[in-house]
Amino acid sequence: MPHRIVFPERGRAVLQEFRLPDMADDSVRVRTIHSLMSIGTETAILNQKYDPGTHYDRIFGFPQLKTGVQAVARVEAVGASVRDFGEGDRIYMRMAHGSHQVMPEALLSPVPDAVDARDACWCGLAKTAFRAARAAPFDPGRQVLIIGAGPVGQMAVRWARSANVGLLAVSDLSARRLGHAERGGATHTLCGDIAAQLDEIGAMNGGAGPDVVVEATGSPAVFPSALAAAARFGKVILLGDTGFPDRQHLTSDVMTKGLTIQATHDSHDRHGWTQRKVDELFFNSLLAGRFDVGGLITHEFPPADCAEAYALAVEQRGDTMGILFDWSQSDW
């Protein structure tokens, strides 16, 4: 019987049996190899860290049966009209933590044979950060500050480095996370409260400050500092998806410096950059050595230990980065 991780109620994660839907002609049935936790989003959902009336509130509730958004799997069976995949192929999918899935062919991406399955799991967060890379845009010579070195911030660091930006500064409260950012290509790291770093940041770029600031924490308290850090006529990219938008407030920096604020979201498929196209770019970047995710998986758990995994993500966030569920070792 297939198994999946669910949140039956606030603050509790369990592994439960479930029944797969029937196959359609355009469906693919897969068996999961690995799934990667989206730490910020999933713990916000688990602990209901969002206000009533927000998009979180509209989409999520309890019991929450879809708990993840990125996994690598192997094809077990295909429907009569499926043309792009066959039995035994490895695929990437934006799907919940579960041992098996039945999904439309159009929602899957092929994983090249040379790409490690664990590395491929970063594809979802890489796509989310790619939206910021396009919105900024990350161009050669740009002066970029990324606030927040969590998983999605790490992906933004690597897109910026692959684009050959000039300055690539990263701020975070965790020295360990900043170490991952340095290995990913950050040229400057700042450890501590961003509000206390504004003078140092303002001295960058010849005293003008960074012309692109990516706010990757989703914390409303960080938003004013992101505005203060941006250069005159700069752009602030909202990459972190807050559950408390009413607590984000504009400051006079928006008017006095002529700032542009651009929100980005994983769902923003624009100019032909669909899920499969971004996935292909990510995999090609991995294979070409332009995108290094080595060392970002910091913890691995069997799905049966999901409660322990989520407790770690909540209680020791600064010591975690990639939390992987290994589905390959169980005889479902």
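Basically our numbering = 1-based index in the sequence shown + 703.
Just so it is clear, CB atoms sit at the ideal spot from N, CA and C, and this is done for glycine as well.
Among the options, which has the Cα closest to the Cα of residue i?
| i | options | result |
| --- | --- | --- |
| residue 866 | 990, 802, 955, 846 | 846 |
| residue 774 | 765, 1020, 868, 795 | 795 |
| residue 927 | 733, 951, 906 | 951 |
| residue 826 | 840, 841, 798 | 798 |
| residue 891 | 989, 897, 874 | 874 |
| residue 712 | 736, 745, 757, 767 | 767 |
| residue 971 | 879, 764, 837 | 837 |
| residue 1030 | 1020, 1008, 1017 | 1008 |
| residue 962 | 710, 740, 816, 939 | 939 |
| residue 1022 | 835, 1033, 742 | 742 |
| residue 921 | 717, 1035, 759 | 759 |
If you check the beta carbons only, do residue i and residue j fall under 7 Å apart?
| i | j | result |
| --- | --- | --- |
| residue 917 | residue 852 | no |
| residue 814 | residue 781 | no |
| residue 723 | residue 803 | yes |
| residue 934 | residue 909 | no |
| residue 818 | residue 841 | no |
| residue 808 | residue 729 | yes |
| residue 947 | residue 861 | no |
| residue 708 | residue 746 | no |
| residue 856 | residue 919 | yes |
| residue 850 | residue 929 | yes |
| residue 984 | residue 1003 | no |
| residue 1025 | residue 999 | yes |
| residue 967 | residue 878 | no |
Assuming residue i and residue j make a contact with CB atoms under 8 Å, what is their CB distance in whole Å?
| i | j | result |
| --- | --- | --- |
| residue 895 | residue 881 | Between residue 881 and residue 895 the Cβ distance is about 10 Å, and since that is not below 8 Å, they are no contact. |
| residue 956 | residue 931 | 5 Å |
| residue 964 | residue 941 | 7 Å |
| residue 986 | residue 960 | Actually they do not touch by this definition, with Cβ atoms about 39 Å apart. |
| residue 748 | residue 777 | In fact, because the Cβ distance is near 27 Å, the residues do not count as touching under 8 Å. |
| residue 1016 | residue 740 | 6 Å |
| residue 897 | residue 925 | 6 Å |
| residue 830 | residue 982 | 7 Å |
| residue 949 | residue 822 | Their Cβ separation, rounded to whole angstroms, is 38 Å, which puts residue 949 and residue 822 out of contact at 8 Å. |
Looking only at DSSP bridge pairs, what is residue i linked to?
| i | result |
| --- | --- |
| residue 938 | 915, 963 |
| residue 1029 | 737 |
| residue 712 | 715 |
| residue 801 | 707 |
| residue 775 | 737, 795 |
| residue 808 | Answer is none; residue 808 lacks a bridge partner. |
| residue 780 | 732 |
| residue 900 | DSSP, once it has assigned bridges, lists no residue as partnering residue 900. |
| residue 813 | 794 |
| residue 894 | 875 |
| residue 767 | 710 |
If you measure from the CB of residue i, is any heavy atom of the ligand NAP nearer than 6 Å?
| i | result |
| --- | --- |
| residue 928 | With respect to the ligand NAP, the structure shown offers nothing to examine, as it has no ligands at all. |
Would a check of beta-carbon distances place residue i closer than 7 Å to chain B?
| i | result |
| --- | --- |
| residue 779 | Note that chain B does not occur in the displayed structure, where there is just one protein chain. |
Checklist entry - In chain order, which beta strand (DSSP E) runs of at least 3 residues are fully inside the region 831–892? => result 847–850, 871–875
Item to check | Whole alpha helix (DSSP H) elements within the region 990–1021, 4-residue minimum | outcome: 1009–1018
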